[in-house]
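Each residue of the sequence shown is one higher than the one before, counting from 21 in the working numbering. In this text, a Cβ means the ideal position worked out from N, Cα and C, and glycines have one as well. Just so we're clear, the structure is a prediction, and the values are computed from it rather than from any experiment.
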Amino acid sequence: MSFNTYAQTASDAAGGSRYIEIFDTTLRDGEQTPGISFTNEQKMRIALQLDRLGVDVIEAGFPVSAPEEKDIVRNICKSGLNAKVCGLARVLTDDIDACIECGVDIVHIFVSTSEIQRKYTTKMSDEQVKDVTYEMVRYVKEHGCQCMFSAMDATRTELEFLIDVFRVAEEAGADILNIPDTVGISEPFSMFKLVSAVHDSVKVPLSVHCHNDFGLAVANSLAAVKAGVSQVQVTVNGIGERAGNADLSETVMSLVSIYRFRTGIKTELLFETAKLVERFTGIHIPANKPIVGENAFSHESGIHAHGVLERSDTFEPGIMTPEMVGHRRRIVLGKHTGRHSIEQKLTEFGIHPTKEQLEEILSRVKKLGASGKLVTDDDLFSIAEILTEISGGEQAVKLKELAVMTGNNTLPTASLRVEVRGKDKKLSRIGVGPVDAAIKAIQDAISDELGGDVRLKDFRIEAITGGSDALAEVIVGVEHAGKIVTARGVREDIVLASVEAFINAVNRLLLMQHSAEHRS
Ligand code: KIV
Ligand code: ZN
């Protein structure tokens, strides 16, 4: 039985399964985010990931802007992607030549059309804008490339003039016309009207490029699709100039799940793509960000968690599941936690408290949650351990010694001695940083004991009090055999706090394995 009546209505209204192209500009507009600069290696990794994800076009950069930029655009062009590669150019032959020399499939040329930008930046008359549009589109076409033409600041351009310029670009042979909401000033109703008017006036396909100054970039992109554009321009995690661009995950999932349009995106790769770009930009994805945020499919409240455990679409959209986007559902413990969630988690851990013990565990979890703490699985385990006197025995893995080496000219290395079920093990590993190196060493030390991969899925520094001698609190999520356990470590030293959290999680996993073996 389906309860998704809203989705059906929306899909009927949208007319169903039109294919919408996804044009990703993470490497170009995304890199214009204040404070972001990708290395060329990172750009290549992002391009390969976008290609795996299934975007139709990758805007790889602005080749004329720097020699290194030209190099990476050229290398992306040569890397045999399925996606088309696009380069940005002003309406200048040098810019266009730089794109062509890289071997791009599409040259994206742009010129300001709004009165304010023409008056104060480009100082071009109406006629000059039209002339240069005609000449530069022709120039691109004569060199055998596809041409995307953008009327920069289209949403603040007088409609009649905008249509005139687009007609000139069409006549000159442009393959696609882009309508940028350059300063994010539009709203869905005016965007719908504007795109409809352009759509009625030209025959070439249309694209839309929305900025998020009022938080409306995704809504405006969707309105543009409904009015007839066949391509939307997006960035991973919505990065871009000022408040950013339309977010890729939100746009794609709205298109496919709510409106039932088709895209080439393998939606199950959305979460890992967002995480990759989070790592490279250092811009943390907010917990409440739709689709890819930590809380996007997390439930704490007793009523919600109980409902979701019975049937997930009671308190989730249903037309979009965590599996569809490569994320996971979490039942989070805190002050709103209900009996049902605790019981479920404990059963998963192989712990079966009496009714009284369960009440006491619940009350302690709620108290911990009310004090503002994020209650980890390890916390729950410790509480349950004390109250039910389950004997996990000694901690199976104990850290005996740890030394790390790092610096600007040194490969980050961790050397450690751990005791694993009474056996001494000494290991040294190299990593991207000292925490990574230490965790790699522990992973290797315990892999025989647990059997199979033990992976660090989440890592966050939850609280650092002021000062360089402050306490660091590290929370980790560690996965083994499809189970994820969260644990914390608190130390003055971030590396030690991280190692402690990881070892706590591993000990919980070993204890769960031990309980499961005893039950069977
Ligand atoms: O926001 C904008 O107008 C742009 C153009 C180059 C398309 O990024
Ligand atoms: Zn832009």
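The stretch 202-240 contains, as complete beta strand (DSSP E) runs of 3+ residues, the segments 226-230 (chain order). Using a C-beta cut-off of 8 Å, the stretch 514-530 makes no contact with the stretch 345-361, since fewer than three inter-stretch Cβ pairs fall below that distance.
With a contact defined as Cβ atoms closer than 8 Å, Leu236 and Pro200 miss out at about 14 Å. Contact between the stretch 286-298 and the stretch 81-93 is absent: fewer than three C-beta pairs spanning the two stretches fall below 8 Å. Taking each of Lys365, Gly370, Ala390 and Thr408 in turn and checking the Cα distance to Glu380, the smallest one comes out for Thr408.
Per DSSP, Met172 is not a residue of any alpha helix (DSSP H); the beta strand (DSSP E) it occupies stretches across Gln166 to Met172. In the three-state reduction of the DSSP assignment, Glu320 falls in the coil class. For Asp49, the distance from the CB to the nearest heavy atom of ligand 1 is below 6 Å.
Comparing alpha carbon positions, the residue from Gly264, Asn527 and Val245 closest to Val272 is Val245.
For Ser402, no pairing in a beta bridge is given by DSSP.
Per DSSP, the unbroken alpha helix (DSSP H) holding Phe181 starts and ends at Leu179 to Ala192. When the five nearest sequence neighbours on each side are left out, the beta carbons in the same chain lying within less than 6 Å of the beta carbon of Arg38 are those of Phe281, in order along the chain. Going by C-alpha positions, Ala109 is about 22 Å away from Phe181.
Runs of the alpha helix (DSSP H) spanning 4 or more residues and lying entirely within the stretch 297-348 occur at 322-330, in chain order. DSSP, reduced to helix, strand and coil, places Gly55 outside both helices and strands of the structure shown, so it counts as coil. DSSP, read as helix, strand or coil, puts Ser134 in coil. Residue state for Glu482 is assigned as strand, using DSSP reduced to three classes.
With fewer than 16 other Cβ atoms inside 10 Å of its own Cβ, His304 counts as exposed. A direct Cα-to-Cα measurement between Val417 and Ala521 gives close to 12 Å. Taking C-alpha positions only, Ile40 is separated from Glu270 by approximately 14 Å. Shown here for Tyr159: same chain residues with a beta carbon closer than 7 Å to its own, the five before and five after excluded, namely Thr113 and Ile116 in chain order.
As computed with DSSP, Gly427 is found in a beta bridge with Thr430. Below 8 Å, enough C-beta pairs join the stretch 98-106 and the stretch 121-130 to call them touching: three or more.
Here His163 carries a coil assignment [DSSP, helix/strand/coil]. Separation of the CB atoms of Ala465 and Ser448 is rounded to 11 Å, and the pair is thereby denied contact status at 8 Å. Between the stretch 89-98 and the stretch 141-150 there are fewer than three inter-stretch CB-CB distances shorter than 8 Å, so the stretches are not counted as touching.
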